Structures are given as structure tokens and as C-alpha cells.
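J.: Quick one: structure below, then a few questions.
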DNA sequence: GATGAATGAGCGTTCATTCAT
DNA sequence: GATGAATGAACGCTCATTCAT
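Chains as they are written, first to last, in the working numbering: chain A, 1 to 219; chain B, 220 to 438; chain C, 439 to 657; chain D, 658 to 876.
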């Protein structure tokens, strides 16, 4: 039995097909993630993936008819997972019950997605890199992922605006500020940071405070 | 004489080698920028570039010994330009003389870099895409570009903190928030935005206010 | 039980091994005939055959160790069948008893082989196509099939020449004319003809008359 | 300068592009003809052709974008050449002036096409083999080649029928008999014959007499 | 300086065949 | 007997790069 990494298991569980995956198939995905994230899709060769996975090159094509389908099988599921927290049905109830103020809500979301990013850095990196070059990904994002999360996010924004906890900017503008700061935080933390003194807790809190100060009314 | 696009002229002027560039060479760079930005470096072929540029394949290699050097000749100069505003010698004097408060300074910088981004979207897109895959670019950025701009930026931050115009966070943290919001704004505007009602002036101002509220002390 | 087509049953009966053939084996042969005849041997893939036959790829190789042996198992038997009418022992007796004149003999042979061709078009097409590329087939034809039929055919030709019913050309020449016209007729009818008004009976008779006029003495 | 074989020169002259063909290109075509005719199109590999031609594999694809286009560039021109004798404008005049009786006409055609076949055996073999598998070839044959030759042939047949030199069968039937015997002769001579005592002149004359006796009225 | 034919390594993919289950 | 995952050699084709003209 091969050592299937936890993040991979979780990502694959999405499809409910994980069961069917053979040992070799998992090794292929694992190798592909590493190599794609290191060299980019177009810069990676299937022979290199096969070698790293310890399988014959033909084996890759038995499971994924083309190199591109291998990419999509890795990258497409991440999108659903990425916005999963917003997919709950009774979103408004959750809001009211669990998050009395915007700070707690924002902190919960940021923390949760930060953990998610930590688990899936490699796949997220591939996703960010390849989305401009693959129409299928862009379409999936625009048609199914983005609308879902935006709808819920705007609902939350209007909810807190009604309570006077957020300034009266149009929800898309607020959304943009928050998303930008969140994504910027994640990119900085996982893609740029190489070394030094960095305290996740502290910086996360600073980012939250920055967003809150930027978006809450001064009394 | 070929129609050399203004942004290209400006970018190339950097090297002070513009003079030496032949008509064909300019066409090559122009074609390469278009194709690299559309398909990524690894996904582009030199033959396609040659075709779009209207030159023979060999001509590309006469001017740029390798495909990679062609990329670097396009992408490397953008880095210097990107941080040019911070390269003035008497930075402190400029600060004191021209920007009495942080809002004006931030607005000036953001506006200026926004114009720059508008001119160089394609090259910037290539730059963002390729920097993770090319050590030379990363090195150049870390060794020459980043230090210069960070030094000046920290100086400015400390300057405004000393005047009580910025909250007392460590300069790198402040820098991160501002940079994240700026870059996020630019990416959103130029890479994601497809269509709709978007007012550059308005959104720029909103972004500035967001940053300011997030980073200035409440009285 | 699979629907085994009559022509196939007849062809396979040759080997006296028909009994041993499993259901799956028959499906494999059936699929192989269709695909070989449509795309040629070299242009067909075993995986496509397996798919069309509804069996696993491995199953083909359990029964026929190589792709080529599958071809030969289909094509080799057709040769024997092709010349079967000449394989009767007391050929001269049959001639004297049943065919008083050359016209009746020729008509009988042509009709009979025409029916045979109708039944086995696909396999015959494969045979014609592959014989130049497979030494085994060529050898089998030259060493066992051709001699047998030629011997009998020459006997018949000499028999009718002795009776003054055929002109005095060397038997091989006569054989060539007849064979050419017969094969030409069959190819035209089964491989070229796409559409139109064509009356088998009429054209067959015309062909017979053409051969007879060409080869019988004018009084 | 490479030794360009005469038959190849003649075949290529068709296109009036022969001039433009490089030395290597000719070697490629020459090697392709040999290998295709020996192993069939699907059974040949481009690497083998390159090796035999003494060029790099890439060179083949610089001149012929695909393996199939290489095949077509060889096989398509033969069709036009094949029926060239019927392409003369004033066909009826030629008939009346040069061929007072059907025997002379038939002999002229047969001899001429026999010489043609001698020159182009290899390419003709490829043509015969590949026509069932390539729609382009079939279309070209049905749409442009066949109609032209049939029109002229039927004209000649009716011409000789009007003079009482041919029996009153429908021209297509007559055409079929003649074509079958001609093609059969050629195939027998060039594709089947391996060795022995065979006198071209004698056998050609026998074939002509066979056709004539089969198709001319007995007085 | 510019060309484009030529190269050969390497690409993604398919293939006939094997073998543990 | 039947399966289908696995193989790795070979396929058609593209690539960045060279060099004689």
C-alpha cells in the first residue's frame, strides 16, 4: 500500500470515487501535483511524472486519456472544495446563530480557508497558474463556483450592513476588498515567504484587524 | 518602419539599447509578448512567434540566443520600471515637500502604478506567471528590486508613523497590506474584469479609503 | 449463446475445430473480420476488436497468441474453401458425367464461386489485401492451394480442348483469362458497386458469354 | 545531386512543381514509395522512411505536414496520369483518324497502359492497396477521374458499335469486360508473376485476341 | 543581417502483449 | 477461462536550435 498523503485523500474524497482509485493511480496524481506545481503544466512532461510516480508512461494514459485530463482531475475538484463553506443550505441561520458580529464571522472564514490553503498549497498553486490558460476551468469557475459563493457572500455583507456593522459600500466592492486581502495573505504566506520570523496567528489577526478597520464605520 | 506600440517603446527605452533595435527585432518582441501572455512561456513556440512577427525562425535566434533569453529580455526590464518611482535619490525630500499627508502620498503612488499597469498589462501578466519558474527572475527580484523598494517604502512608512498618520504596526506588515490591496486591485481590474459597470476613479478612491481606514489611527 | 453468423459457421467448420470454439472466441473472430476488412490489418488495433467483441483485451491473446495469428486463423481457411470445388477426388468422372459441354461447366463454377464470394466478401477482402504482406499466406497459397486447383483446372481445360470445345491456347493462358474475368466480376460486384441498376443473373450470363466467345473456336 | 529515378521524375512532373522539390524531398518520396509498397501505408513507419531516405525524421514533416499527406502526394497524381490518354480534347477525331478498327484501338490502349504500368508498378500497387481506406482518394477517383475516362470510353464503344465492330451490349458492360481483362493482365504480370517463361508480346496479343473474340460479332 | 531547410531529442499517445487475480 | 491493469517500445509529430546560403 502506498503512502497516500492526507491532503490528497481529502481532495479526492470529493468525488466519492476515491475507493475506485488504484494504488498506482494515486501515485500518479501525487507525482503530477508535485511536478505541475513546480514547473507548470506546459513545462512538465508525462514521462517525468511517470518516472516520479514509479509507473510506466502508458499507465498514466490508461487512467487519464490525455495529459490535460490528468490536470483537470487534479484541479477541478479543488474549486468546489474552495468555496464549500458557502455551500451550506441555511446560510442565513448559520449567520444569525453562530456569528453575532462581523469580526467573528470574518475570523472564522479566514481561519478556515487559511487551513484549507495550508493543506492544498500545491494544488491551489497549480489552479491559480493554469486557470488563465484553460477555458474549461474558467467556465467552471464562472458558471458554477463564483455565483454560488458570491450570492452567499453578498447576503452576509447585506446582513451585517443592515446591522450597521459594515460601511455602506456596494457588496461587490466590499467583497473585493476582503477577498483581495485574504488571497493576498495566503499568497504571501505560502508562495512568497521563504524564511523568516513570521507568526501565523499574529499576522492573521493583523490582517483581520486591517480589513475590519477598513470596512467598519467609525463611531 | 513598423508600428512600434508606445508601451513597448517606453519599456525598451529602459535598456538604453532601444536605438540598436532593428525593425524586425521590435516585431519579434511585440509578437512574443502577445503569445507569451496568451499561452504562457512553456506553451508558446518560437515558430509561432516568428510567424506572427513575420520573420524567419532563424532571425529570432540571431537576436536572442535562446527562447529563454527572449523571455528575459521582455520580462527583466519590467521589474526596474515597476519600482521606478521609488528609485529617486532624495526620496525623503520628495516626501516632505510633495506629500504632506499619507493620503496624498498613497493616492499618488496608486494612481501612478495603476497607469503603469494599464500600459504594461501583457508584460506584467507574463512576469507574474513566469516568476515562479525562473530562478533568474526570482533572484533579480529579491536581490535588486525588492530591497530598493522596501528600503524606500519602509522609510516612508516610518515617516508617516512618526507623524501619527499611520498606526504602529511593523513596516513590513503595513507594506504587505498596502501592496496586497494595490496588486489585488490591479489584478482584478486588468485580469479578471470582463465587462460591466466599473468606474476606475470611483473604485480607486474606494480602495484608497479602504487602505487608509484600515491603517490610520482612529481619533 | 451469441448469434453466430451462418457464413462464419461455415468457414470455421473447415478446421473441424468449430466445436471447441467458445462463445467469446466466435465474437472475437466476428469483430476482427469486421474491423480488419474496414481498416486493414495494420490499421486495426486489438483493443478496438476487443471492445467490439465485448471481451477483455487479454481474452484475445488467450486464444490467439498474437494479433497476426488471429489474422491467419481468419484468412488461412478461406483459401482451402476457395478452391474446394476442385478438391473432389474423381474430378474427371464428375466432368464427364455432369458437364457435357464447357458452357455448363463454366456456368456451374462461376455461379458456385459467386455464391461463395457473396457469403465471404469480408474475409475475401481481407485475404486479397493482406496476401502481399504476409509470407505465410503467400507460401500456403503457392504451395498447397494453387497447385491443387491448377492441376484440376488444367485437366478440365485439356478435356474440353480435346473435344474441340476450347481453342488451342496453353492451359495456363486460358486459366488466366477465365480467372481474371471471374475475379474481376466478383471484385466489381462486391467491392466497387455502390448503387445502381445491376442484375446479377444478367451480368453473370454476359460474363459467361464473354468468356466463351473469347475462348471457343469459331466454326 | 541525388539519383532521381526516371519514373519518379515523370510522375512528379505532373504537378509542374518538380522544380521546387529539394534533393532531400525527392529522396523522401523515393524511400516512401519503396516502403509503402512493401509494407503498406499503415504498416510503414515514418522513422523507417527517414532512415532509408537518409534524412532526419523531422525533415519529412517539414515538407509533408502529416504521414497521410506524404501518401497523398505520391498517390494522388497517379490517378490523373492513369487516365491521361483519354484526356485528349478531340477524342473522336483521333478515333476516326488513327484507329480505323477496334483491334488497333484496343491494342494501342493496352500497350500504352502496359508501358505505363511497367513504369509505375510500385505507385500503382500503393494506389490499389490504399484506395479502400482513404476517402479522399475514393472521392477524387469517383468525382474527377472515373467520369472523364468513362465518358470517352463509352463514346469509343458506341463509335465501334455503330460500325458493327462491337457486339450490342450496353457500353458499361463492355467497358467492364475490357477493363477487367486489362487490369487482370497487369496485376498478373507485375504483382503475381515471380519467375518463369513469360513472353510479354505473346501474352499481350493473346489477351487482345481474347477480348476481341469475346466482344466482336461472329459473322 | 536574414533566411528557412535541416536536425534529432523529446513530446504526448497508442500499441500488442503479459500476468496476477 | 476470463479479466483488465500494467508495461515499455514504438509511433507520428513538434520543438528549440544550427548553419550554409
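Glycine included, each C-beta is placed from N, C-alpha and C at the ideal position.
Here the structure is a predicted model, which is why all the values come from computation and not from measurement.
For a quick check, are the C-beta atoms of residue 510(C) and residue 575(C) less than 9 Å apart?
T.: yes
J.: List the residues of chain A that residue 258(B) touches, going by C-beta distances under 7 Å, in chain order.
T.: 133
J.: Output needed for residue 470(C): all residues of its chain with C-beta closer than 7 Å, excluding positions within five of it in sequence on either side, in chain order.
T.: 487, 508, 512
J.: Apply the 10 Å Cβ neighbour rule to residue 266(B) and answer buried if 16 or more other Cβ atoms are within range, or exposed otherwise.
T.: Flag for residue 266(B) reads exposed.
J.: Taking beta-carbon pairs under 7 Å, can you tell me which members of the segment 758 to 785 of chain D lie near chain C?
T.: none
J.: For chain D, find out if any of its Cβ atoms is closer than 9 Å to the Cβ of residue 619(C); answer yes or no.
T.: So, interface residue.
J.: So which residues on chain A does residue 427(B) lean against when the C-beta distance must stay under 9 Å?
T.: Under the 9 Å cutoff, chain A gives no residues; its nearest Cβ is about 10 Å from residue 427(B).
J.: Which residue wins for smallest C-alpha separation from residue 422(B), given the options 196(A), 197(A), 201(A), 177(A)?
T.: 177(A)
J.: So what does DSSP say about residue 378(B), is it helix, strand or coil?
T.: helix
J.: Can you pull out the residues from the segment 819 to 839 of chain D whose beta carbon lies closer than 7 Å to at least one beta carbon of chain C?
T.: Those would be 826, 830, 833, 834, 837, 838, in chain order.
J.: Taking 9 Å as the threshold (beta carbon to beta carbon), is residue 422(B) in contact with chain A?
T.: yes
J.: From what residue to what residue does the alpha helix (DSSP H) around residue 719(D) run?
T.: 714 to 720
J.: For residue 483(C), name the three-state secondary structure that DSSP assigns.
T.: In the structure shown, residue 483(C) adopts coil according to DSSP, grouped into three states.
J.: Could you say which of 874(D), 724(D), 787(D) lies nearest to residue 697(D) if we only look at CA atoms?
T.: 787(D)
J.: For residue 812(D) versus residue 752(D), is the C-beta distance shorter than 9 Å?
T.: yes
J.: Whole angstroms is fine: what's the gap from residue 285(B)'s alpha carbon to residue 274(B)'s?
T.: 16 Å
J.: Is residue 701(D) buried or exposed, if buried means 16 or more other CB atoms sit within 10 Å of its CB?
T.: Here residue 701(D) is buried: its Cβ has 16 or more other Cβ atoms, across all protein chains shown, within 10 Å.
J.: Look at residue 620(C) and residue 645(C) and say whether their C-beta atoms are less than 9 Å apart.
T.: Yes, the Cβ-Cβ distance between residue 620(C) and residue 645(C) is below 9 Å.
J.: Locate the alpha helix (DSSP H) running through residue 644(C), then write down its first and last residues.
T.: 638 to 653
J.: How about residue 282(B): is its C-beta nearer than 9 Å to some C-beta of chain A?
T.: no
J.: What number of angstroms, rounded off, separates the C-alpha of residue 78(A) from the C-alpha of residue 406(B)?
T.: It is roughly 21 Å from the alpha-carbon of residue 78(A) to the alpha-carbon of residue 406(B).
J.: Taking 9 Å as the CB-CB limit, is residue 699(D) close to chain C?
T.: yes
J.: Which residues in chain D have a C-beta closer than 7 Å to the C-beta of residue 649(C)? List them in chain order.
T.: Chain D residues near residue 649(C): 871.
J.: Are the beta-carbon atoms belonging to residue 797(D) and residue 741(D) less than 9 Å from one another?
T.: It is not a contact, given that the beta carbons lie outside the stated cut-off.
J.: Can you give, in chain order, each stretch of the alpha helix (DSSP H) that sits fully within the segment 271 to 337 of chain B and has at least 4 residues?
T.: DSSP runs (the alpha helix (DSSP H)) wholly in the segment 271 to 337 of chain B: 276 to 282, 286 to 301, 310 to 317.
J.: Using the rule of at least 16 other Cβ atoms within 10 Å of the residue's Cβ for burial, across every protein chain shown, is residue 212(B) buried or exposed?
T.: The first residue shown for chain B is 220 and the last is 438, placing residue 212(B) beyond what the model contains.
J.: So, is the C-beta of residue 70(A) closer than 9 Å to a C-beta in chain B?
T.: no
J.: Going along the chain, which residues of its own chain have a beta-carbon closer than 8 Å to the beta-carbon of residue 192(A), five neighbours each way excluded?
T.: none
J.: Could you tell me the alpha carbon to alpha carbon distance between residue 572(C) and residue 824(D), rounded to whole angstroms?
T.: 43 Å
J.: Whole angstroms are fine: how far does the CA of residue 185(A) sit from the CA of residue 101(A)?
T.: 22 Å
J.: Taking only the alpha-carbon atoms, compute the straight-line gap between residue 377(B) and residue 189(A) and give it to the nearest angstrom.
T.: 24 Å
J.: Starting from the C-beta of residue 543(C), find all residues in its chain whose C-beta is less than 6 Å away, skip the five residues before and the five after it, and write them out in chain order.
T.: When the five nearest sequence neighbours on each side are left out, the beta carbons in the same chain lying within less than 6 Å of the beta carbon of residue 543(C) are those of 537, in order along the chain.
J.: Report yes or no: is there a C-beta of chain D within less than 9 Å of the C-beta of residue 628(C)?
T.: With 9 Å as the cut-off, residue 628(C) does not count as an interface residue toward chain D.
J.: How would you write the range of the alpha helix (DSSP H) that residue 608(C) sits in, first residue to last?
T.: Element bounds for residue 608(C): n/a, residue is neither H nor E.
J.: Suppose the cutoff is 6 Å on Cβ atoms and the five residues either side in sequence are ignored; what does the same chain contact list for residue 419(B) look like?
T.: Only residues of its own chain outside the window of five on either side were considered, and among them none has a CB closer than 6 Å to the CB of residue 419(B).
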